[in-house]
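For reference, the structure is listed below as structure tokens.
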Amino acid sequence: MLDKTFDPKAVEPRLYAAWEASGAFKPSEDPNAEPFVIVIPPPNVTGSLHIGHALNNTLQDVMTRFHRMRGKAALWLPGTDHAGIATQMVVERQLAAAGNIGRRDLGREAFVEKIWEWKAESGGTIVEQLRRLGASCDWSRERFTLDEGLSAAVRKVFVQLYKEKLLYRDKRLVNWDPQFQTAISDLEVEQKEVDGAYWHFAYPLADGVTFQYPVAFDEDGKATEFETRDYIVVATTRPETMLGDTGVAVHPTDERYKDLVGKFVTLPIVGRRIPIVADDYADPTKGSGAVKITPAHDFNDFGVGKRAGLEVINILTVEAKLNEAVPAEYVGMDRFVARKAIVARAEEEGWLKEIEKTKHMVPHGDRSGVVIEPFLTDQWYVDAKTLAQPALKAVENGDTVFEPRHWEKTYFEWLRNIEPWCVSRQLWWGHRIPAWFGEDGHIFVEETEEEALAAAILHYGDEAPVLKRDEDVLDTWFSSALWPFSTLGWPEKTEDLARFYPTSTLVTGFDIIFFWVARMMMMGIHFMGEVPFKQVFINALVRDEKGAKMSKSKGNVLDPLVLIDELGCDAVRFTMTAMSGQARDIKLSKQRIEGYRNFGTKLWNASRFAQMNECVRVEGFDPSTVQQPINKWIRGETVKTVAEVTRALEAPAFDAAASALYKFIWNVFCDWYLELAKPILNGDDAAAKAETRATAAWALDVILKVLHPVMPFITEELWDKTAVFGPKRDGMLIVEKWPEFPESWIDADAEVEIGWLVDTVSEIRSVRAEMNVPPGAKPPLTVIGASGETKARLARHRDLLLTLARLDSAREAEAPPSGAVPFVLGEATGALAIAEFIDLAAEKARLTKEIAGHAVDIEKAAKKLGNPDFLARAKEEAITENRERLAEAEAAKAKLEAALGRLAAVG
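By our numbering, the letter at position 662 of the sequence shown is numbered 661, and the numbering carries on one by one without gaps.
Written out as structure tokens, the structure reads:
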């Protein structure tokens, strides 16, 4: 007999170990089985499971389990990412905490060895946490972006791209992290709003040039007064960069400065003569309309500098201190110390015209927390524009499809405006770039040092050329871009590669469409000749219950491991699945997960009820032969649900699948079928009883199968325990065949018959609830204007009606009795006599008061939403919350008004 309650803490580790030991996670070896393949978005080796991981991996597991049960060779390939900066930072902190020397003192080889030691001890945390989520990955194929095979793939790709002239070395601006002293990707840059200022500097015009600057205007904006100026005003939030200025830009159509284009200013402090140029980047409506141009330290300025042919002067060291390119008194100064010094000098010398306080966005390193500098360095770049063209066409042609489809627009926008991809990083942990430099700076790019040496001998004609390997490593995203084919064994021609590439579906977040999805598309098409996946499902962002982003500082973070401990893995998984619709955000609350925990409890209790009533599986039972109307009905409902869940998971439409499962299991099977079956199970008709027991057991088995992908633990446990009193199972549920049934099993007559009974009881219960009829009260039901068929149904199901709707009697009549509430009952009218059970005056007063309360809520919400200032200033989640409140209040008010109208008919 089943225990009273399901114990997730005891069951989950036991079942997971059994699944893994059985080999169920490996793809079928049947050569005729159609492959279904997902490669996991590799979490950082430093990571721990957060709520976003829980969502993303739940959806992947739902799909994998579903397709496995459908007989496909389902492979969910796991692995982790070496996470360059994150891992290096973890180990550096450990060294510092232990009082050891820094990495530079330790040396590269010894430091990298320390990281490998750390990975061996602590790097598997998130992998074990994924197991706790029930992830049915094939762990025998687990990969790591720095393992030997993937490293070989990375070297081959780098060398091939270089030799195809799709990868090159160039001096360009990058996001520079002065603490880690490396270039970082845009994804690793966090924009923070800070208090700052615009410092307005007057740069003196060179060669005695002056101009007439407008200072007064008429109503039409035409200048009426001018003053003679021998300077031009520019504004900056980073005064220290002025030491690297090589130009001033004005807009080509700006009448104020048209005569200054081609003239020069003398840069204060430095004394450098720099030109005034015309460029569309300058905005005449902002500030003075003139902007200082520092090509080496601003991305926009770099573009202006290239267009205008301006000199590019780097004034910073890798530590963001001023270098030898600035006047001697500033050399070695920290950038922020230099800022203060320059502002003080500008004020002292009189060329500081204004300080305008402001709040503005400043880029920070997401790991280091320090301000990022645009920095001019030699880096390696991939010609992303060329590689992007086939990746664009693949989605335009439908070779790869995004779900939801609107994310294709994001993909297109980025690829159509793509910039060269900086793939080098100044770190020690990662794939070291396979490039060697000769003493004259000539570069040799080869997969091995031996091949580089051979190429150098050929180039120099020297038996022993001196080569130095590039110190840099590759961007983590470079190796991740190869993930769908490198993990399958490429560049070797493996069986896995032939069988499982291209993969089927990628499940990932919208924030890495640029950084990962697009790059996998580019690399997959270029090196494999076809797209890496046929479908990209973009999962939502998990927010708190009010729609706010989760953060530790807000204290609104939900830890999935804590939730699993408290409420069980199945409840967490069902919640994630149920909330994964077309919306961009998921509003998650613990109460929601508790609700789905209760859903699991409902199924467990229903299974206990079935077991106690001897509803056990019957060998050879054929559902097509059942005779009882309720058994024909549940058979049809089961067929429809299986079809609906199958369609939803094929799409995938996870929320639709969860909704269909919830409605069928909770409402149809538990609340209706088992209740309707009780009289038969407790009756004397042996044949009807046997049929109902067998049907209930069959339907329960089907439920366990179709629910398994979403709630694997409770279903697997019930699969095992419900077979204790019946025939033995052939194997575990995880490898059971997905059910398929003919539509002919849907019986239209049974649907109508049982549907009438369900609708009638539901309507009576609704009336009782609206009118506040006490649960213990048993009012009589009168049916007026009933057809012959309705009268027959009333007679057939009278006993069930009295029990399920808690009625004293149910009869037909020509007119309703006094004190009765009318309601629609098909072609007839139902009348529930409730006057003697409620205080009519008090009920009317209650309903009127509640209606008034909702009216106040409606007025408040409508007033806010009708206020343009609120809509302009409020956060999106606040606007959404008010819209939801308004809709809920309007619906509740309408329902109560209908109830009040019904009550008026009572008396």
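Even for Gly, the Cβ is constructed at its ideal location relative to N, Cα and C.
Check                                                                                                             : Outcome
C136 in three-state terms, based on DSSP                                                                          : coil
F538, enclosing beta strand (DSSP E) - first and last residue                                                     : In the sequence under discussion, the amino acid at residue 538 is Asn, which differs from the Phe named in the question. First-last of the beta strand (DSSP E) with N538: F532 to N538.
Own chain residues within Cβ distance below 7 Å of E310, not counting five before or after                        : T245
Cβ-based neighbour list, E438, same chain, cut-off 7 Å, excluding 5 preceding and 5 following                     : V465
Per DSSP, the bridge partner or partners of S373                                                                  : Here the sequence assigns Pro to residue 373, which means Ser is not the residue at that position. Paired residue(s): N174.
Same chain, Cβ closer than 6 Å to E907, neighbours up to 5 away in sequence not counted                           : In the structure as shown, the chain starts at 0 and stops at 906, and residue 907 therefore has no counterpart that could be examined.
Separation of L172 from Q590, as counted between CA atoms                                                         : 49 Å
Same chain only: Cβ atoms within 8 Å of L908, ignoring 5 sequence neighbours per side                             : Because the chain spans 0 through 906 in this model, residue 908 falls outside it and cannot be assessed.
Integer-rounded CB distance, given that F225 should sit under 8 Å from Y212                                       : 6 Å
Test item: CB-CB of G934 and V188 under 8 Å                                                                       : Because the chain spans 0 through 906 in this model, residue 934 falls outside it and cannot be assessed.
Those runs of the alpha helix (DSSP H) which lie wholly inside the region 650 to 731 and span at least 4 residues : 653 to 661, 673 to 680, 685 to 706 and 711 to 720
Rounded straight-line distance, which links the Cα of V61 to that of L395                                         : Just to set this straight, residue 395 is Glu in the shown sequence, not Leu. Cα to Cα, E395 sits roughly 28 Å from V61.
Closest by C-alpha distance to R228, when choosing among R237, P238 and L259                                      : L259
Nearest-angstrom Cα separation, counted from R338 out to T240                                                     : 8 Å
Residues near L54 by beta carbon distance below 6 Å, same chain, minus five either side                           : N538, V541 and M575
Straight-line gap, R142 to I100 (C-alpha atoms, nearest Å)                                                        : 32 Å
Same chain only: Cβ atoms within 7 Å of R518, ignoring 5 sequence neighbours per side                             : W476 and A480
W755 in three-state terms, based on DSSP                                                                          : helix
Residue range of the unbroken alpha helix (DSSP H) whose run includes P12                                         : P7 to S21
In DSSP terms, what R168 is bridged to                                                                            : W379
Euclidean distance between Cα positions of P77 and P41                                                            : 7 Å
CA-to-CA distance, R596 to I84, given in whole angstroms                                                          : 39 Å
I763 to L831 span [Cα, whole Å]                                                                                   : 8 Å
Expected contact under 8 Å - CB spacing of L321 and G308 to nearest Å                                             : The pair is not a contact, with the Cβ atoms about 25 Å apart (cut-off 8 Å).
Whole-angstrom distance between V381 and H458, CA atom to CA atom                                                 : 25 Å
3-residue-minimum beta strand (DSSP E) runs that sit fully inside the region 68 to 147, ordered along the chain   : 72 to 76
Every unbroken beta strand (DSSP E) within the region 233 to 311, with a cutoff of 3 residues, ordered by chain   : 246 to 249, 263 to 265, 272 to 277 and 290 to 292
Among L48, F35 and T57, nearest to A907 - alpha-carbon criterion                                                  : Only positions 0 to 906 of the chain appear in this structure, which leaves residue 907 out of reach.
Residue burial classification, D700 (beta-carbon count within 10 angstroms, cutoff 16)                            : buried
DSSP state of Y212 mapped onto helix, strand, coil                                                                : strand
Boundaries of the beta strand (DSSP E) in which F443 is found, first to last residue                              : I442 to V444
Under 8 Å between C-beta atoms of I37 and T63                                                                     : yes
Selected residue, minimal CA-CA separation from W718, among K894, L132 and L602                                   : L602
Simplified DSSP assignment, three categories, for P559                                                            : helix
Of the listed residues V156, K291, I268 and A860, nearest to A277 (C-alpha basis)                                 : K291
Start-to-end residues for the alpha helix (DSSP H) that takes in E407                                             : W406 to R415
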